[in-house]
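Order-wise, the sequence lines are chains A and B.
Under my numbering, residue 109 is the last one in the first sequence; the count climbs by one each step, no gaps.
Under my numbering, residue 146 is the last one in the second sequence; the count climbs by one each step, no gaps.
Note that the Cβ used here is the ideal one computed from N, Cα and C, for glycine as well.
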Amino acid sequence: MSKTAAAENRIFHALADPSRRAIFESLTRGEAAVKELTAKFDISQPAVSQHLATLRAAGLVRGRKAGRSVYYRVDPEGLKPLTDWIQHYRAFWTERIDRLEGLLERMDP
Amino acid sequence: MTPHDKTAPSQSDSIAFDFDLPHPPAKVWRALTDPELLSQWLLPTIGVELAPGATFAFHAPPQPGWDGVVQCRFVEIEAERTLRYTWVVGELDTVVTFTLTPTTTGTHLELTQSGFREDQKRNFGGARYGWRMMGDRLVELLGRIA
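Shown next, in the form of structure tokens:
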């Protein structure tokens with residue numbers, strides 16, 4: 001739970017903001033340019049660009065330049081640190097529950 | 001008895017188990033709350049005092065980049081029924097909940113670990129953000145981008 005802590009923190013920080021979360025969720029439905037996102041969310045273009053920069057730094061989205069526009073899409077690997085973390089805890093609790101069951105057998109009634 | 005992992009492989013916003021124990025709730029409750037017993041199955045504890053709002057810690061072996069400390073705070077204590085505490089590792093805030101239900105053969109125990117909901121964050125000043133805030137939609141999102 002330590003090695004990827006920095007990556008996790010960037011992901012959680014990026015998704016903690018409701019606007020960024022909305023942008024990220026929107027991008028999971030398909031690629032979009034800054035202009036389209038600006039129109040959709042009623043946020044200024046610089047603000048949208050800033051949110052996208054934060055999402056990109058967290059590894060959650062990727063940009064692709066086409067002409068004058070940059071199109072953004074979700075990076076499927078971006079949430080991996082989160083799913084890894086969950087896998088870690090599933091294994092942790094499975095092992096601890098085994099120990100709990102063993103302890104209960106040994107305890108006084 | 002093998003614990004049954006209730007978490008579907010695609011479900012990534014919480015961790016949930018439930019299983020039946022051939023022991024009465026009072027005994028299971030002791031294992032969940034007694035510091036000495038906790039150290040025997042979960043992790044060594046520091047400063048466990050069973051009171052709502054009380055803070056304590058679990059000490060896991062330190063690893064590179066992590067001092068091994070799990071910071072906790074009791075959120076809900078209903079003797080022999082519900083035990084809920086925060087489980088904070090570094091910047092990551094989660095909540096662990098044990099729910100005990102008496103059965104004819106002993107105790108049905110449910111264990112979940114999930115992130116803070118936004119409405120909970122207000123109640124706990126230390127919580128900065130949590131992963132549950134994406135709500136159940138994380139599952140849907142993961143499915144969509146896979």
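Sequence-distant partners of Gly68(B) (beyond 5 residues in either direction) whose C-beta falls short of 7 Å from its own C-beta, in its chain, are His59, Ala60, Pro61, Pro62. No Cβ-Cβ contact shorter than 7 Å links Ala6(A) with Leu55(A). Boundaries for Glu36(B): no beta strand (DSSP E) harbours it, while the alpha helix (DSSP H) harbouring it runs 35-41, taken from the DSSP string.
Look at the segment 27-39 of chain B: the residues with a C-beta under 9 Å from a C-beta of chain A are Lys27, Val28, Arg30, Ala31, Leu32, Leu37.
Nearest to Ala32(A) by alpha-carbon distance, out of Leu104(A), Met107(A), Val61(A), Gly102(A), is Val61(A). Note: Arg84(B) is bridge-paired with Glu76(B), Thr97(B) in the DSSP secondary-structure output.
Around the beta-carbon of Gln87(A), fewer than 16 other beta-carbon atoms lie within 10 Å, marking it exposed. Taking 8 Å as the Cβ-Cβ cut-off, the segment 77-104 of chain A approaches chain B at Leu79, Leu82, Thr83, Trp85, Ile86, Tyr89, Arg90, Trp93, Thr94, Arg96, Ile97, Asp98, Arg99, Leu100, Glu101, Gly102, Leu103, Leu104, given in chain order. It is roughly 16 Å from the alpha-carbon of His23(B) to the alpha-carbon of Ala79(B). DSSP places His59(B) outside any alpha helix (DSSP H); the residue lies instead in the beta strand (DSSP E), whose first and last residues are 55-59. Under DSSP, no beta-bridge partner is assigned to Arg21(A). Arg10(A) sits close to Ala58(A), with the two beta carbons spaced by under 7 Å. In the DSSP annotation of this structure, the continuous segment of the beta strand (DSSP E) that includes Gly63(A) starts and ends at 61-66. The C-alpha of Thr33(B) lies about 30 Å from the C-alpha of Glu8(A). The continuous stretches of alpha helix (DSSP H) do not include Arg29(A), and DSSP gives it neither H nor E.
At a beta-carbon threshold of 8 Å, the residues of chain A lying near Gln113(B) are Tyr89, Trp93, ordered along the chain.
At a Cβ-Cβ threshold of 7 Å, Val48(A) and Val34(A) count as neighbours. Annotation: the continuous alpha helix (DSSP H) that includes Val34(A) extends over 34-41. Shown here, Glu105(A) sits in a helix according to DSSP, grouped into three states. The beta carbons of Ile97(A) and His51(A) sit no closer together than 7 Å. Counting along the chain, the unbroken alpha helix (DSSP H) around Ser49(A) starts and ends at 45-57. Between Leu104(A) and Gln40(B), the C-beta gap is not smaller than 7 Å, which leaves the two residues out of contact.
Just measuring C-alpha positions, the residue of Glu49(B), Leu109(B), Gly47(B) sitting nearest Ala26(B) is Leu109(B). In this structure Gly47(B) does not touch Trp66(B) by the C-beta definition: roughly 20 Å separates them, more than the 8 Å allowed.
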